[in-house]
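Please read the structure below before turning to the comments.
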Amino acid sequence: MLVLYRNLLRLYPAEFFREYAGEMTLVFSQAQEDARAKNFMARITFCLREVSGTLIGALRQRLFGPNWNLSRRFNMRPEFRFPRSTVFLMCVILAGVVLAIDKALNIVQMKEGLPPGTVSAWDPMVWALLFALALVLTAVASVWGILFALRRTGMHRLADLDFGRNSN
Amino acid sequence: MDTTPLTEPVLLVLLSLAEQPRHGYSILKDVEQMSGGRVALSTGTLYGALQRLLAQGWIERFEEDEGPRERRSYSLTSKGRRNLRAEIERMRHLTKLAGLRVARRES
Chain A
3 MLVLYRNLLR LYPAEFFREY AGEMTLVFSQ AQEDARAKNF MARITFCLRE VSGTLIGALR
63 QRLFGPNWNL SRRFNMRPEF RFPRSTVFLM CVILAGVVLA IDKALNIVQM KEGLPPGTVS
123 AWDPMVWALL FALALVLTAV ASVWGILFAL RRTGMHRLAD LDFGRNSN
Chain B
73 MDTTPLTEPV LLVLLSLAEQ PRHGYSILKD VEQMSGGRVA LSTGTLYGAL QRLLAQGWIE
133 RFEEDEGPRE RRSYSLTSKG RRNLRAEIER MRHLTKLAGL RVARRES
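Protein chains in written order, with the working numbering: chain A, 3 to 170; chain B, 73 to 179.
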């Protein structure tokens with residue numbers, strides 16, 4: 003996770019990276035130690051929060067830099083929080099739905115004289131989960147690609163240019 | 073003086089620094105504690121906010137004598153404290169107004 007985090011930090015503009023990367027890595031490793039002592043869900047939440055926070059932070063730095071208003075609410079939305087209990091509840095509901103479909107399939111198979119379990123509802127479920135995972139990874143890779151391409155163009159160096167110095 | 077409302081994470085970071093100078097990890101923990109675990113900042117969000125506060129002169133950054141080499145601490149400047157006071161005053165006024173309006177409605 004620390005290696006991934008260090009690589010994500012490279013998406014920030016070079017100036018920001020030079021100034022804060024060491025400090026951010028230190029804070030991240032300390033926060034990671036804390037998260038390790040917690041349960042599985044807390045560790046997953048920590049990883050997701052850090053990855054999304056770093057990606058969004060890097061994008062924000064690329065687009066706006068440090069000079070945006072501290073009161074612009076759309077930049078940070080503490081009110082937009084997904085309750086952890088909802089994630090658990092959604093998983094339980096999903097499992098319940100798939101289980102119900104599986105039972106129904108078994109009943110249909112028994113009626114048609116087939117042995118139960120010939121067709122299972124869990125098989126497409128695994129594929130659906132893999133598809134969702136692939137979709138998320140593609141989205142992350144796309145954001146990474148865009149930020150990496152921006153970094154390669156050297157656009158961030160334009161901010162360092164002082165045109166006033168050459169005007170005399 | 074900027075009188076527009078601050079975002080909750082920025083306000084919590086400023087409140088954390090109002091008490092004493094702190095380093096990044098200490099701010100993270102303090103913000104989480106102050107909000108009763110409701111606001112858990114990522115390091116990306118924290119350092120984005122700190123960088124903007126530094127750029128606007130609300131906080132200052134300094135090296136610590138002890139601790140790891142990479143560690144830096146942050147403290148409120150007089151401008152930051154002034155703006156924080158103004159924000160608290162704005163919230164106090166809003167809370168008072170809300171209390172009056174609700175009480176009037178109930179009576």
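In this text, a Cβ means the ideal position worked out from N, Cα and C, and glycines have one as well.
Go ahead and pull the three-state DSSP assignment for residue i.
i	result
glutamine 94 of chain B	Contrary to the premise, residue 94 of chain B reads as arginine rather than glutamine in this sequence. In the structure shown, arginine 94 of chain B sits in a strand (DSSP, three-state: E or B).
glutamate 138 of chain B	coil
methionine 26 of chain A	helix
glutamate 52 of chain A	helix
glutamate 80 of chain B	helix
valine 121 of chain A	coil
serine 144 of chain A	helix
glutamate 114 of chain A	coil
proline 15 of chain A	coil
threonine 155 of chain A	helix
phenylalanine 66 of chain A	coil
alanine 134 of chain A	helix
Note down the Cα distance separating residue i from residue j, rounded to an integer number of angstroms.
i	j	result
leucine 78 of chain B	serine 150 of chain B	17 Å
valine 174 of chain B	lysine 168 of chain B	10 Å
methionine 3 of chain A	lysine 105 of chain A	40 Å
leucine 166 of chain B	glutamine 34 of chain A	38 Å
histidine 95 of chain B	leucine 107 of chain A	59 Å
glycine 171 of chain B	valine 82 of chain B	25 Å
glycine 116 of chain B	threonine 140 of chain A	22 Å
methionine 163 of chain B	serine 179 of chain B	24 Å
phenylalanine 42 of chain A	cysteine 49 of chain A	11 Å
leucine 84 of chain B	methionine 106 of chain B	8 Å
threonine 27 of chain A	arginine 154 of chain B	32 Å
alanine 97 of chain A	lysine 40 of chain A	25 Å
valine 99 of chain A	alanine 158 of chain B	53 Å
leucine 57 of chain A	leucine 118 of chain B	13 Å
leucine 132 of chain A	glutamate 161 of chain B	52 Å
leucine 122 of chain B	valine 138 of chain A	30 Å
valine 145 of chain A	valine 110 of chain A	45 Å
Identify the contact partners of residue i in chain B, using a Cβ-Cβ distance below 8 Å as the criterion.
i	result
alanine 33 of chain A	Tyr97, Leu100, Thr115
leucine 149 of chain A	Chain B residues near leucine 149 of chain A: none, gap ~13 Å exceeds 8 Å.
threonine 56 of chain A	Ser114, Thr115, Gly116
glycine 59 of chain A	Ser114, Gly116, Thr117, Tyr119, Gly120
Name the chain B residues whose beta carbon is nearer than 7 Å to that of residue i?
i	result
arginine 62 of chain A	Gly120
leucine 26 of chain A	Residue identity check: residue 26 of chain A is methionine in the sequence provided, not leucine. Going along chain B in sequence order, the residues near methionine 26 of chain A (Cβ under 7 Å) are Thr115, Tyr119.
Taking residue i as the query, report the chain A residues whose CB atoms sit under 7 Å from its CB, ordered along the chain.
i	result
alanine 112 of chain B	Arg51
glutamine 92 of chain B	Under the 7 Å cutoff, chain A gives no residues; its nearest Cβ is about 18 Å from glutamine 92 of chain B.
Name, please, each residue of chain B whose Cβ falls closer than 9 Å to the Cβ of residue i.
i	result
valine 138 of chain A	Here the premise fails: no neighbours, minimum Cβ distance about 18 Å.
List the residues of chain D whose Cβ lies closer than 7 Å to the Cβ of residue i, in chain order.
i	result
phenylalanine 30 of chain A	In the structure shown, chain D cannot be found, because the protein chains are A and B.
Point to revise | Contact set between the segment 129 to 152 of chain B and chain A, restricted to residues whose Cβ is under 7 Å from the partner | key: Pro140, Glu142, Arg143, Arg144
Review point. Which parts of the segment 93 to 167 of chain B are runs of the alpha helix (DSSP H), unbroken and 4 residues or longer, counting only runs that do not cross its ends?
Key: 96 to 106, 115 to 127
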